[in-house]
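Below: one structure, written as structure tokens.
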Amino acid sequence: MNTRGSRPADNTTAPQMNFVDGVLVLEGDFLIGSVEGLLAQHGQAETIDLSGVTRLDTAGAWAVVTLERRIQDAGGTPKITGATSLQSDLIETLRQNMPETDIPVAPKKSVADRLEQVGRSTVSAFQKTMAIVGFLGRVVATVAGLIVRPGRIRWTAIVHHMQQVGLNAVPIVSLMAFLIGVVLAFQGAAQLRQFGAEVFVVDLIAISILRELGILLTAIIVAGRSGSAFTAAIGSMKMREEIDAMRTLGLDPVEVLVVPRVIALTIMLPVLGIIANFAGLFGGALMSWIELGVSPGVFQSRLVSNTGVEHLFVGLIKAPFFALIIAIVGCFEGMQVKGNAESLGHLTSTSVVLAIFLVIAADALFSIFFAVLGI
Amino acid sequence: MDEAPIISVRGLVTRFGKHTVHDGLDLDVRQGEIIGIVGGSGTGKSVLLRAVVGLLKPVEGQITVFGENVRDTSAEDYRRLRRRWGVMFQDGALFSSLNVQQNVEAPMREQLALSPETRAALAAIKVRMVGLPEDALQKMPSELSGGMRKRAGFARAIALDPEIVFLDEPTAGLDPIGAAAFDTLIAQLRRALGLTVFLVTHDLDSLHAICDRIAVLAEGRVLATGTMSEMQNVDHPWVQAYFKGPRARAALAQKETI
Ligand SMILES: Nc1ncnc2c1ncn2[C@@H]1O[C@H](COP(=O)(O)OP(=O)(O)OP(=O)(O)O)[C@@H](O)[C@H]1O
Ligand SMILES: [Mg+2]
Numbered sequence: 000m001n002t003r004g005s006r007p008a009d010n011t012t013a014p015q016m017n018f019v020d021g022v023l024v025l026e027g028d029f030l031i032g033s034v035e036g037l038l039a040q041h042g043q044a045e046t047i048d049l050s051g052v053t054r055l056d057t058a059g060a061w062a063v064v065t066l067e068r069r070i071q072d073a074g075g076t077p078k079i080t081g082a083t084s085l086q087s088d089l090i091e092t093l094r095q096n097m098p099e100t101d102i103p104v105a106p107k108k109s110v111a112d113r114l115e116q117v118g119r120s121t122v123s124a125f126q127k128t129m130a131i132v133g134f135l136g137r138v139v140a141t142v143a144g145l146i147v148r149p150g151r152i153r154w155t156a157i158v159h160h161m162q163q164v165g166l167n168a169v170p171i172v173s174l175m176a177f178l179i180g181v182v183l184a185f186q187g188a189a190q191l192r193q194f195g196a197e198v199f200v201v202d203l204i205a206i207s208i209l210r211e212l213g214i215l216l217t218a219i220i221v222a223g224r225s226g227s228a229f230t231a232a233i234g235s236m237k238m239r240e241e242i243d244a245m246r247t248l249g250l251d252p253v254e255v256l257v258v259p260r261v262i263a264l265t266i267m268l269p270v271l272g273i274i275a276n277f278a279g280l281f282g283g284a285l286m287s288w289i290e291l292g293v294s295p296g297v298f299q300s301r302l303v304s305n306t307g308v309e310h311l312f313v314g315l316i317k318a319p320f321f322a323l324i325i326a327i328v329g330c331f332e333g334m335q336v337k338g339n340a341e342s343l344g345h346l347t348s349t350s351v352v353l354a355i356f357l358v359i360a361a362d363a364l365f366s367i368f369f370a371v372l373g374i
Numbered sequence: 000m001d002e003a004p005i006i007s008v009r010g011l012v013t014r015f016g017k018h019t020v021h022d023g024l025d026l027d028v029r030q031g032e033i034i035g036i037v038g039g040s041g042t043g044k045s046v047l048l049r050a051v052v053g054l055l056k057p058v059e060g061q062i063t064v065f066g067e068n069v070r071d072t073s074a075e076d077y078r079r080l081r082r083r084w085g086v087m088f089q090d091g092a093l094f095s096s097l098n099v100q101q102n103v104e105a106p107m108r109e110q111l112a113l114s115p116e117t118r119a120a121l122a123a124i125k126v127r128m129v130g131l132p133e134d135a136l137q138k139m140p141s142e143l144s145g146g147m148r149k150r151a152g153f154a155r156a157i158a159l160d161p162e163i164v165f166l167d168e169p170t171a172g173l174d175p176i177g178a179a180a181f182d183t184l185i186a187q188l189r190r191a192l193g194l195t196v197f198l199v200t201h202d203l204d205s206l207h208a209i210c211d212r213i214a215v216l217a218e219g220r221v222l223a224t225g226t227m228s229e230m231q232n233v234d235h236p237w238v239q240a241y242f243k244g245p246r247a248r249a250a251l252a253q254k255e256t257i
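Keeping their order, the protein sequence lines are chains A and B. Going by numbering that gives the first Met the number 0, the first residue of the first sequence is number 0, and it counts up by one from there. Going by numbering that gives the first Met the number 0, the first residue of the second sequence is number 0, and it counts up by one from there.
So this is what it looks like as structure tokens:
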């Protein structure tokens with residue numbers, strides 16, 4: 000009753016194919032694992048004899064139909080004999096379902112293809128830049144609309160995201176900044192001791208942390224932590240058609256999903272930056288004390304007298320811009336997700352890399368800007 | 000038919016936390032039949048399917064397929080066993096990063112050393128057998144309609160000519176014509192390939208049209224098994240409501256007029 004009988008999985012007889020007096024005699028089990036090699040044989044025959052075939056599956060029947068086609072192509076009229084009725088049913092099913100044309104196998108790439116690839120990536124990078132700027136414009140317009148009608152602002156969502164991206168990031172950000180302070184003090188001490196100028200370690204730590212490192216490294220951690228989370232969250236909603244569902248309910252995904260995240264991050268990144276500054280200074284002070292004997296009192300008074308408050312502002316003014324970059328890139332990439340899981344993973348990593356790159360580029364621009372202003 | 004059953008489940012207990020889904024479930028599936036598994040939403044049909052194919056470890060009970068215990072088997076035996084069945088999940092579960100052709104080729108690629116040309120030819124045949132047009136081969140799953148995804152999932156399930164196919168609600172969400180065509184397809188392939196079909200379904204028309212036997216799941220066990228007409232006489236409120244409700248009568252009437 001089963002075409003193949005009940006078979007133990009590996010108890011098979013190898014299939015054989017012989018040309019005997021113009022008859023193509025097939026014998027044995029014609030199963031998916033073993034028929035392929037047989038098709039390499041060629042010979043003269045018009046009749047295909049299946050009486051010796053013990054088992055036949057789709058692949059076996061495919062082989063039979065392929066042989067039959069070959070006879071036809073050579074100008075003969077193929078005939079099949081000795082098939083059981085189940086076998087001929089299966090062969091008939093295969094005949095009906097054989098594709099007319101050959102199925103293309105993916106071709107190898109040539110140099111021209113690769114050049115074309117380069118061109119395409121350049122154009123798409125340009126288009127993407129325009130798209131991100133366009134997206135930023137939409138977000139700004141939506142925020143402007145919300146300012147006119149503050150009743151529509153989603154406070155719950157904003158507070159929720161503030162906790163996610165801000166409060167929950169405090170431990171990792173402060174630990175990171177603390178360690179940076181320690182490292183700076185340690186490395187600075189090694190150099191400054193050679194000149195007997197240990198006490199300048201305070202200026203070194205204070206300026207580098209307040210001006211650059213505190214906020215830059217915080218932004219990088221937040222990009223890795225929250226930028227990727229934005230992309231993944233919005234992307235999986237996109238994948239499960241939740242965003243389309245929102246649109247049909249008259250909700251604007253930018254207003255519901257993007258704006259709260261952007262606002263939350265823009266508020267929280269400066270706060271995280273301040274926390275990082277404190278933690279960094281604390282780490283630096285601790286290490287200066289242990290390593291150089293600069294007491295906390297000396298550290299504090301030197302910090303207050305020698306380091307201008309403008310360094311703190313130069314650092315902090317950058318925070319909202321970095322936050323905007325991270326949030327916009329994260330949400331934008333999330334909205335780009337198409338209906339498959341691979342694009343989600345791919346875009347999540349793109350979002351982190353792009354956000355970090357843009358943050359560093361922006362930081363460089365700020366440095367030039369402040370240098371020109373002479374701050 | 001007094002052959003040993005091809006699938007046999009004995010005393011199956013499955014539990015998620017405190018929630019017991021199956022509580023001492025017994026079920027036999029005979030070789031070559033199409034068995035329809037019915038039951039209300041959440042009665043554990045999909046969970047039963049997952050347990051039988053070894054994706055889910057039951058708390059208790061014996062599951063044998065082809066006379067081999069699915070649970071306590073070596074990785075090697077399990078791999079050999081797995082080659083002999085194909086599964087189509089409730090949502091198709093196509094690999095979303097592969098196109099239809101690559102999806103259907105995936106089991107061949109994993110299990111056999113075939114040349115790319117042979118693989119492509121066999122995949123094309125399987126795709127046509129399930130009634131998809133040839134240009135569907137190069138499409139990504141996200142570009143297919145729900146019904147086409149189901150067909151592609153079916154093509155992948157039968158890629159290696161399995162002896163058993165497990166189908167989880169293959170006709171749910173299809174239009175009536177598409178659903179009827181799918182039923183015909185299952186019956187036709189069963190005949191051509193000698194399949195045993197484990198069919199989870201809510202579709203009364205499918206049950207009428209192609210199932211040899213029906214097993215009703217309720218209260219954590221198989222409440223009754225038998226043919227469609229035997230189901231009419233089972234004395235249980237759910238079974239009565241299911242098989243004697245207005246939809247069941249319509250399906251029955253339709254069958255009698257054909
Ligand atoms: N991974 C899981 N974790 C916890 N509970 C689960 C899990 N999978 C299933 N369940 C529970 O097991 C029960 C049976 O689920 P199952 O998916 O088998 O239902 P079903 O009979 O297939 O229903 P439907 O007809 O809606 O598909 C449900 O109550 C479900 O909540
Ligand atoms: Mg289910």
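Glycine included, C-beta positions come from ideal geometry on N, C-alpha and C.
With a cut-off of 7 angstroms, the C-beta of Lys149/B is classified as distant from ligand 1, since no heavy atom of the ligand falls inside that distance. With a threshold of 8 angstroms between beta carbons, Asn276/A makes no contact with chain B. Listed in chain order, the positions of the region 104-115 of chain B with a beta carbon within less than 9 angstroms of a beta carbon of chain A are Met107, Gln110, Leu111, Ala112, Leu113, Ser114 and Pro115. Below 8 angstroms, too few C-beta pairs join the region 64-84 of chain B and the region 120-137 of chain B to call them touching: fewer than three.
Beyond the five residues adjoining it in sequence on each side, Ile163/B comes within less than 6 angstroms, by CB distance, of Trp84 and Thr195 in the same chain, given in chain order. Annotated three-state conformation of Arg118/B is helix, per DSSP. The C-beta distance from Leu192/B to Asp160/B rounds to 6 angstroms, short enough to fall under 8 angstroms.
In terms of side-chain proximity, the C-beta atom of Asp167/B is found nearer than 7 angstroms to a non-hydrogen atom of ligand 2. If you check each beta-carbon in the region 128-144 of chain B against every beta-carbon of chain A, the ones closer than 9 angstroms belong to Met128, Glu133, Leu136, Gln137, Met139, Pro140, Ser141 and Glu142. Residues of chain A whose Cβ lies closer than 9 angstroms to the Cβ of Leu11/B do not exist; the shortest such Cβ separation is about 24 angstroms. Contact between the region 337-351 of chain A and the region 220-230 of chain A is present, with at least three C-beta pairs closer than 8 angstroms.
Only those residues of the region 29-51 of chain A whose C-beta falls short of 7 angstroms from the nearest C-beta of chain B are listed: Ile31, Gly32 and Glu35. Residue contact with chain B for Met334/A: absent (no Cβ-Cβ distance below 8 angstroms to any residue of chain B). Chain order is used for the residues whose beta-carbon lies nearer than 5 angstroms to a heavy atom of ligand 1, namely Phe15/B, Val20/B, Ser40/B, Gly41/B, Thr42/B, Gly43/B, Lys44/B, Ser45/B and Val46/B. Sorting Asp25/B, Arg70/B, Arg14/B and Asn98/B by C-alpha distance to the C-alpha of Ala214/B places Asp25/B at the top. A distance below 8 angstroms separates the beta carbons of Val200/A and Leu291/A. Here the region 218-235 of chain B lies against the region 19-37 of chain B, with 3 or more beta-carbon pairs under 8 angstroms apart. Within the region 283-316 of chain A, no residue has a Cβ lying closer than 9 angstroms to any Cβ of chain B. For Phe94/B, the closest alpha carbon among the candidates Arg68/A, Ser342/A, Gly21/A and Ala184/A is that of Ser342/A.
Scanning chain A for C-beta atoms nearer than 8 angstroms to the C-beta of Ile124/B yields Thr57, Trp61, Leu93, Asn96, Met97 and Pro98, reported in chain order.
If you ignore the 5 residues before and after Phe177/A, its C-beta comes within less than 8 angstroms of the C-beta of Ala278, Gly279, Phe281 and Gly282, all in its own chain and listed in chain order. In chain order, Leu216 and Ala217 place their CB closer than 7 angstroms to the CB of Thr42/B, counting only its own chain and leaving out the 5 sequence neighbours on each side. Linking Phe134/A to Ile325/A through their CA atoms gives a straight-line distance of about 13 angstroms. Separation of Gly234/A and Gly249/A (C-alpha to C-alpha, rounded to the nearest whole angstrom) is 20 angstroms. Not one heavy atom of ligand 2 is found less than 7 angstroms from the C-beta of Gln187/B.
By the CB criterion at 8 angstroms, Thr13/B and Val46/B fall inside the cutoff.
If you ignore the 5 residues before and after Asn17/A, its C-beta comes within less than 7 angstroms of the C-beta of Val24, all in its own chain and listed in chain order. Spatial neighbours of Gly42/A in its own chain (CB-CB distance under 8 angstroms, excluding positions within 5 residues in sequence) are listed in chain order as Phe18 and Leu23.
The C-alpha of Glu32/B lies about 11 angstroms from the C-alpha of Ile185/B. For a cut-off of 8 angstroms, the C-beta gap from Asn276/A to Leu209/A is around 6 angstroms, short enough to register as a contact. Counting only runs of 4+ residues, the alpha helix (DSSP H) found wholly inside the region 127-209 of chain A occupies 154-164, 169-191 and 200-206, in chain order. If you check the CB distance, Thr92/A and Val258/A do not come in under 8 angstroms. Chain B places a beta carbon closer than 8 angstroms to that of Leu89/A, counting this residue as a contact. Not a single CB atom of chain B sits nearer than 8 angstroms to the CB of Glu26/A. DSSP places Met238/A in the helix class (H, G or I) of the three-state scheme.
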